[in-house]
Amino acid sequence: MSTSQQHGRARRRLAAATGAGALILTAGLVPQQAAAADGDKVLTVAVAQSVDSLSPFLAQRLLSTSIHRLTYEYLTNYDAEDARAVPALATKWTSSPDKLTWTYTIRSDSSWSDGERATAEDAAWTFNTMMTDPDAATANGSFVANFRKVTAPSPTELVIELKKPQATMTALDVPIVPKHVWEKVDDYSEFNNDKNFPIVGNGPFILTDYKPDSYVRLKANKDFWRGAPKFDELVFRYYKDQDAAVAALRKGEVSFVSGSPALTPAQASSLKSEKNIKVNDAPGRRFYALAVNPGARAKNGETFGDGDPSLKDERVRHALFMAVDRKTVVDKVFQGYAVQGEGYIPPRFDSYFWKPSDGQELAYDPAKAARLLDEAGYKKNGDGKRVGKDGKPLDYRVLCHATDPNDKAIGQYLQEWWGELGIGVSLNCVDNVTDPWLAGTYDLAFDGWSVNPDPDFVMSIHTCGALPATPKDTGATDNFICDKQYDELYAKQLAEYDPVKRADLVKQMQSRLYDLGYMNVMAYPNAVEAYRTDQIASITTMPKKAGNIYGQDGYWSWWSATPADTGDSGGSDSTGVVVGIVAGVVVLVGAGAFLALRRRSTAEDRE
Amino acid sequence: MTAGTGEPVKDGAPEAPGPRTLARRRRRASAARFWREYRTHRAGLVGLAALALFALVALTAPLTVGSDVSSVTGAPGQPLETPSGEFWLGTDRFGRDLLGLVVWGSRVSLLVGLLAAALCVAIGTLVGITAGHFKGAYATVVMRITDWFLVMPTLVLAIALATVMSRSLGTVVLAIGVTSWPTTARLVRAQTLAVEARPYIERARALGGGHRHIMVRHVLPNVMPLVLAQTTLMISSSILAEATLAFLGLGDPTVVSWGGLLQDAREAGSVSSGNWSYLVPPGLAIAGVALAFTLCGRAVESVLNPRLGVAR
């Protein structure tokens, strides 16, 4: 089948670079042998992210939280079809008429991997720990900030009392951990849960091994109450280089490539024509934006950072907004693998999706942007540069991720679009954006968040309450936005239980955010990922129709994945390796012979 | 014997040349001899021709392609087009003409290569001559610093420097320049020691020549051939280093250079999608220029240093 193709490719690469080729081949040999040692069906996923922490109290990265979805049960899960709350550890839930007391019924057929039964006591202990220990509230503290009291009257009953109504009570994304293991931990800020394997859990998979920046290995939980996963083992292997991950997919070393955050258009198009590989191009759950630094400040009123003061003027922000051609961004940079940005929440979440009305829209209009800047008092001088009344030219530093090609590409467009307006742009592409970000030492920055089915979190990061307490602290805030009107709407939607009314409030918030001009959402990038159909026969996307596979809100993809009959794939791989090695040896012998001949021919010249 | 002021005699021998004319004549003669020798090195001639071609391309780039070629908003094509009659090498990820970009990129790559090589040879010569001349504690300290730089992996040091400083061309020049001077310093010091052992230096010293006079007037001209050959060789490694840094994403992303083009190609996923027309031209250009400078450098070296024997 595809064997001949593989041979050809292996040899070409070797001929091009013998040394490098040989290295790649020997490196490729090891995992294949390890995987083939027993007859287990292994699903290997190439990921571009490393694990920040395996402790559910600390983990924030997508990979880590996805692993927690797989290894721990949450009270509720999201349906793969339409993301509504479905039973997980809790089988049903009711609230008191005043919506302040919530009672969850905990299932009795879920047990920890060390044999103990998972009970309401574990859940109560998890929430209470997060409420009492600030270190344990690092990752998911926003869910419990409004909790008054959590108790477990019986092993199957959990009662949560609230201070104020909270709309996210059926979407509490908090992994429930086993009390009998975790109560022995002294310091939650230090404990990373990566010492005693297998890690005790009750999800569809059990974490059995982890090596930082290398791999995470999970074993199927045969006793999982919803049914055991079809694959015996699930391995997340870390590839720093996306090209290497794609090459591994072509060779069959990995079954799935997620991309970071998506495959590039060139990779996707070339993989589409490949046999046995399916490219999944689904509407994304991320937004990709340009965030303005409105002047970093803390809750105690202190300001810090050095954001350009001209950005406090709404007209300047609108002018910048209007000088960005979002259509070009989608057409040229994403080459169609994205949807043009409008509101804040991606169109995939249609109940919350909002777009500006015709009169409100800040469409691409450089002439109007120039007029706005003139009005704001930034006129062009003789050199064609915009200068303020104080004579200082408008020069913005744009913070970009050195690892994200899209940031750099759009940065070049910004330089020309805004340069046309007379505004200087310097791209500051760094590996570590967190430090300047938290310190507020930037003017504009590339920003992006994955949005959950419940938009509470991504809306909360723009409230005044998310600002850091003092300049020294770290707040949950995204870019230091603090707007009274927005905050009022946020408080209202959090207390609103009627889904339609709440969605309306969320849309009003997006409208307000849009008018403020702090967040220019340029695009909603698609989730572009690929997998080998000769290794994975079927896999559930979320939403089921046109959904993504990696980074789902639930554990559906990996739990549902069914292995394909792969009788010959191992064989073809090893013949490829053998041919590669033979070719390498031939090249080396040839080079050696050539050198020897040359040496002989010049022997007389030498002393 | 004419009694008088010691003015040069004008009437007696009108064809007797002054010292300046003599020196000029001697230099012309040695240049001619150098060129005669150089001509016998076929590889050197090939390298020289290639260099002339590259220089021509770089210098005439504003006329042939113009700075508009690097504009992303005015890109004429669609992203990642394959080679065609309109775009001979296809287009890059923004839809810009790749041939034009490779031509335009030659300016930055050559400029950075030349500047970095000049900087590094300047540092190396200064350190080498002073260390060879002054000896003693100064030389010991300076040569230990040189040794330290010599054992440090150049690339790692350059990456560290480029990371902490802001991303600009100046940073790259500086990062390459200050990390690759130790070999030059060692070579120049050795030559300086050899030159200073000669009797005429002692004579100059006896006649009252100061440190500065000896270093500039006597030692420098004698180590110059070595420095020249070293510069030519250094340029090729500087161009390679610039391309490496840009490829690793440490250059200024908004400046078009060959290494930067390679980095763009890699980020666009050209390696795994087999989009060779994006990767190969800048790579070949880097290899071509580096090879041309090396060929020239080797030829110059063997002309100026007969001890190296016949090289082809």
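One line per chain: the protein sequences are A and B, in this order. Residues in the first sequence are numbered consecutively from 1, following this note's numbering. Residues in the second sequence are numbered consecutively from 1001, following this note's numbering. Quick reminder that beta carbons are idealized off the backbone N, C-alpha and C, glycines included. Model, not experiment: these values are computed from the prediction.
Find the nearest neighbour of residue i within the set the options, judged by alpha-carbon distance.
i	options	result
Gly259/A	Asp173/A, Tyr344/A and Leu62/A	Leu62/A
Ser64/A	Phe231/A, Asp82/A, Asp194/A and Asn146/A	Asp194/A
Thr621/A	Lys149/A, Thr119/A and Glu116/A	In the structure as shown, chain A starts at 1 and stops at 607, and residue 621/A therefore has no counterpart that could be examined.
Arg1212/B	Asn1305/B, Thr1130/B and Gly1047/B	Thr1130/B
Asp232/A	Leu249/A, Ser214/A and Leu207/A	Leu207/A
Asn428/A	Ser1168/B, Ala1029/B and Val1141/B	Ser1168/B
Gln508/A	Thr474/A, Gly551/A, Met459/A and Pro525/A	Met459/A
Lys275/A	Ala282/A, Lys251/A, Ala523/A and Leu290/A	Lys251/A
Thr1154/B	Pro1253/B, Gly1288/B, Ala1241/B and Leu1126/B	Ala1241/B
Glu1243/B	Asp1264/B, Leu1226/B and Met1224/B	Reading the sequence as shown, one finds Ala at residue 1243/B and not Glu. Here the closest residue by C-alpha is Asp1264/B.
Lys219/A	Pro165/A, Val235/A, Trp125/A and Gly115/A	Val235/A
Ala1285/B	Val1188/B, His1133/B and Ser1106/B	Ser1106/B
Gly1260/B	Gly1274/B, Asn1275/B, Leu1279/B and Ser1272/B	Leu1279/B
Lys501/A	Leu54/A, Gly203/A, Ser351/A and Lys211/A	Ser351/A
Cys1120/B	Arg1093/B, Ala1137/B and Ala1158/B	Ala1158/B
Does any CB atom of chain A fall closer than 7 Å to the CB of residue i?
i	result
Tyr1080/B	In the sequence under discussion, the amino acid at residue 1080/B is Leu, which differs from the Tyr named in the question. Chain A, which has a Cβ nearer than 7 Å to the Cβ of Leu1080/B, makes this yes.
Val1072/B	yes
Ser1273/B	yes
Gly1288/B	no
Gly1090/B	no
Gly1249/B	yes
Ala1016/B	no
Ala1043/B	no
Span of the beta strand (DSSP E) holding residue i?
i	result
Met522/A	Met519 to Pro525
His1041/B	Where His1041/B is concerned, there is no enclosing beta strand (DSSP E), given that its DSSP letter is neither H nor E.
Pro153/A	Phe147 to Ser154
Asn428/A	Gly424 to Val430
Arg237/A	Glu233 to Tyr238
Arg397/A	Asp395 to His401
Ser450/A	Leu444 to Ser450
Pro87/A	Ala85 to Pro87
Tyr364/A	Neither: Tyr364/A is in no beta strand (DSSP E) and is coded neither H nor E.
Ile206/A	Phe205 to Lys211
Leu290/A	Arg286 to Val292
At the 7 Å Cβ level, is residue i part of the contact set with chain B, yes or no?
i	result
Ala136/A	no
Asp243/A	yes
Val589/A	no
Pro405/A	yes
Ala402/A	yes
Lys408/A	yes
Thr246/A	As written in the sequence, residue 246/A is Val, which differs from the Thr given in the question. Yes, its Cβ sits closer than 7 Å to a Cβ of chain B.
At which residues does the alpha helix (DSSP H) containing residue i begin and terminate?
i	result
Pro1017/B	Counting along the chain, Pro1017/B falls outside any alpha helix (DSSP H), and DSSP gives it neither H nor E.
Asp418/A	For clarity, residue 418/A is Trp in the given sequence; the question names Asp instead. Element bounds for Trp418/A: Pro405 to Leu421.
Gln1191/B	Pro1182 to Glu1196
Arg69/A	Leu62 to Thr71
Val51/A	Counting along the chain, Val51/A falls outside any alpha helix (DSSP H), and DSSP gives it neither H nor E.
Thr1146/B	Gly1136 to Val1151
Lys219/A	Careful: Lys219/A lies outside any alpha helix (DSSP H), inside the beta strand (DSSP E) at Tyr215 to Ala220.
Look up residue i in the DSSP assignment and give the residues it is bridged to.
i	result
Thr103/A	Thr94/A and Val159/A
Pro563/A	Ile536/A
Glu529/A	Asn280/A
Met542/A	Asn548/A
Thr44/A	Val235/A
Residues in the segment 254-277 of chain A with C-beta within 9 Å of chain B's C-beta atoms, listed in sequence order?
Sequence-ordered contacts of the segment 254-277 of chain A with chain B read Leu263, Thr264, Pro265, Ala266, Gln267, Ala268, Ser269, Ser270 and Leu271 [C-beta pairs closer than 9 Å].
Taking Cβ-Cβ distances below 7 Å as the criterion, which residues of the segment 413-428 of chain A are in contact with chain B?
Cβ contacts with chain B come from Tyr413, Gln415, Glu416, Trp417 and Leu427.
Give the residues from the segment 1251-1271 of chain B that approach chain A closer than 7 Å (Cβ to any Cβ), ordered along the chain.
Correct list: Pro1253, Thr1254, Arg1266, Glu1267, Ala1268, Gly1269, Ser1270 and Val1271.
Contact set between the segment 326-343 of chain A and chain B, restricted to residues whose Cβ is under 9 Å from the partner:
Of all residues in the segment 326-343 of chain A, the ones placed with a Cβ closer than 9 Å to any Cβ belonging to chain B are Thr328, Asp331, Lys332, Val333 and Gln335, in chain order.
Against chain A: residues of the segment 1144-1178 of chain B by CB proximity under 7 Å:
Along the segment 1144-1178 of chain B, the positions whose C-beta sits under 7 Å from a C-beta of chain A are Arg1167, read in chain order.
Output, in sequence order along the chain, the residues in the segment 501-518 of chain A whose CB is closer than 7 Å to any CB in chain B.
So nothing in the stretch comes that close.
Contacting positions in the segment 301-313 of chain A - beta carbon closer than 9 Å to chain B:
Cβ contacts with chain B: none found.
If you measure beta-carbon to beta-carbon, which residues of the segment 1086-1113 of chain B are closer than 9 Å to chain A?
For the segment 1086-1113 of chain B, the set of residues with a beta-carbon nearer than 9 Å to any beta-carbon of chain A comprises Arg1093, Phe1094 and Gly1095, in chain order.
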